[in-house]
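Participant: If you scroll down you'll find the structure; I have some questions about it.
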Amino acid sequence: KQIQGRKRESERLRESLALRATAMGMHMSGIPRFPNEITMESMDRYRDEMKGYSDKIRVEFERQRNKHFQEITRNLRKRDGYISLVCPKCGEDDHGNRMNGKPYCFMNTKHGGLGPVPLMTPEKAKDWKPPTKKFKKKDSWELDTSDIVRERK
1 KQIQGRKRES ERLRESLALR ATAMGMHMSG IPRFPNEITM ESMDRYRDEM
51 KGYSDKIRVE FERQRNKHFQ EITRNLRKRD GYISLVCPKC GEDDHGNRMN
101 GKPYCFMNTK HGGLGPVPLM TPEKAKDWKP PTKKFKKKDS WELDTSDIVR
151 ERK
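Going by UniProt numbering, the first residue of the sequence shown is number 1, and it counts up by one from there.
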């Protein structure tokens with residue numbers, strides 16, 4: 001009974017691994033496509049590969065959240081003369097968004113309905129004022145009676 005239970009468990013594991021492998025197999029090499037090709041070695045290889053991907057993501061996430069790393073990055077940028085662009089309205093850094101070839105910030109919820117704002121250096125951002133909306137004056141018009149179709153008699 002224990003052997004049959006282990007076989008069932010291994011079959012379930014093979015099926016789930018096969019489903020995962022086929023779902024992710026487009027960009028991962030060396031993963032068998034069919035359940036009968038799955039071995040312990042292929043499962044270990046798959047696990048190690050997934051662990052490597054998750055470790056890379058975790059390390060990068062921890063590095064970005066680390067205060068010391070952020071301070072070192074800021075100091076290096078200052079030392080190397082790296083001028084970062086900031087949004088004058090919400091203070092966000094450059095996320096790579098561009099409009100007509102120029103960097104823009106699209107954080108509309110933080111802008112309070114102002115729309116996209118061009119990014120600029122922190123010195124210019126201090127003096128920046130949002131553009132005023134210019135409303136066009138509507139000319140008053142009069143009804144021209146010559147354009148009106150006359151009633152038939």
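Positions of the beta carbon are idealized from the N, C-alpha and C atoms, including for glycine.
Apart from the five residues just before and just after Q70, which ones in its own chain have a Cβ nearer than 8 Å to its Cβ?
Facilitator: Numbered from its first residue, the sequence shown carries residue 70 at position 70. Q64.
Participant: Distance, Cα to Cα, M40 vs R98?
Facilitator: Counting from one through the sequence shown, the residue named residue 40 turns up at place 40. Counting from one through the sequence shown, the residue named residue 98 turns up at place 98. Their backbone Cα atoms lie some 48 Å apart in a straight line.
Participant: Can you tell which of R77, L76, W128, T132 has its C-alpha closest to the C-alpha of K89?
Facilitator: Translated into the one-based positions of the sequence shown, residue 89 becomes position 89. Of R77, L76, W128, T132, the residue nearest in Cα terms is W128.
Participant: On the premise that L119 lies in contact with P103, defined as a C-beta separation below 8 Å, what is that separation, rounded to the nearest angstrom?
Facilitator: The sequence position of residue 103 within the sequence shown is 103, counting from 1. The sequence position of residue 119 within the sequence shown is 119, counting from 1. Between L119 and P103 the Cβ distance is about 4 Å, and since that is below 8 Å, they are a contact.
Participant: Going by DSSP, what residue range makes up the alpha helix (DSSP H) through P103?
Facilitator: The residue you call residue 103 lines up with position 103 of the sequence shown. Premise fails: P103 lies in the beta strand (DSSP E), 102-105, not in any alpha helix (DSSP H).
Participant: Mark L85 as exposed unless 16 or more other C-beta atoms lie within 10 angstroms of its C-beta, in which case mark it buried.
Facilitator: Counting from one through the sequence shown, the residue named residue 85 turns up at place 85. Buried, because 16 or more other Cβ atoms sit within 10 Å of the Cβ of L85.
Participant: Taking Cβ to Cβ, would you say F106 is nearer than 7 Å to P116?
Facilitator: Within the sequence shown, numbered from 1, the residue matching residue 106 stands at position 106. Within the sequence shown, numbered from 1, the residue matching residue 116 stands at position 116. In contact: F106 and P116 (Cβ atoms closer than 7 Å).
Participant: Regarding Y104 and the ligand SAM, is the C-beta to nearest heavy atom distance less than 6 Å?
Facilitator: As presented, the structure is devoid of all ligands, the ligand SAM included, so that no description of it is given.
Participant: Pick out the complete alpha helix (DSSP H) segments inside the region 55-122, 4 residues or longer, and give them in chain order.
Facilitator: Counting whole runs of 4 or more residues, the region 55-122 contains the alpha helix (DSSP H) stretches 67-79, 108-111.
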